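See below for the structure under consideration.
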Amino acid sequence: MIGTRRLLVSVVDDDESVRESLPDLLNEFGYSVRTFSSPLEFLASDALDQTGCLLLDIAMPGMTGIELQAELRRQDKRITIIFISATQDDALRARVIELGAAACLTKPFSDTALLETLRSVMNAH
């Protein structure tokens with residue numbers, strides 16, 4: 001049926017606790033969710049072309065979130081990105097927004113902050 005498809009939110013974070021906790025919460029909010037432990041795992045998946053919003057950690061071993069953002073832009077993939085970071089760095093936050101991210105949340109963030117951010121950025125896109 002048209003209109004019943006739920007938006008796929010992909011979570012890319014090397015922190016297993018984040019990958020375990022966010023899907024239940026996002027499902028409660030009405031989103032479909034896939035999780036990935038690395039940017040390379042996400043890039044190699046079929047979720048790449050299905051993802052409407054990406055919750056993306058900034059600092060990960062191997063390829064960083066910012067490098068994944070650049071790769072998606074290079075491939076002309078238009079995915080809304082919300083960065084999540086354990087670092088409270090205003091300059092970094094400003095940089096990722098300048099590079100095209102829709103938002104940047106600092107870990108730990110509340111369920112309410114995540115929901116409000118998701119609703120806000122998805123309504124804007």
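Each residue of the sequence shown is one higher than the one before, counting from 1 in this note's numbering. Every residue, glycine too, gets a C-beta built ideally from N, C-alpha and C. These numbers were taken from a predicted model, which means no experiment stands behind them.
Query                                                                                                                                      : Result
For the alpha helix (DSSP H) holding D90, just list the boundary residues, first then last.                                                : 90-98
Quickly, what does DSSP pair S81 with across the bridge? List them, please.                                                                : A small correction: the amino acid at residue 81 is Ile; Ser does not occupy that position in the sequence shown. BP columns for I81 point to L54.
Is it true that the stretch 27-36 meets the stretch 56-63, where meeting means three or more beta-carbon pairs spaced less than 8 Å apart? : no
Could you give the first and the last residue of the continuous alpha helix (DSSP H) run that contains F174?                               : The question about residue 174 has no answer, for the chain in this structure spans 1 to 125.
Is the beta carbon of L25 sitting closer than 8 Å to the one on D111?                                                                      : yes
Report back the beta-carbon spacing between L54 and V96 to the nearest angstrom; my notes put them in contact at under 8 Å.                : 12 Å between Cβ atoms; not a contact.
State the Cα-Cα distance for the pair A85 and M122, rounded to the nearest angstrom.                                                       : According to the sequence displayed, residue 85 carries Ser and not Ala. Distance between the alpha carbons of S85 and M122: 20 Å.
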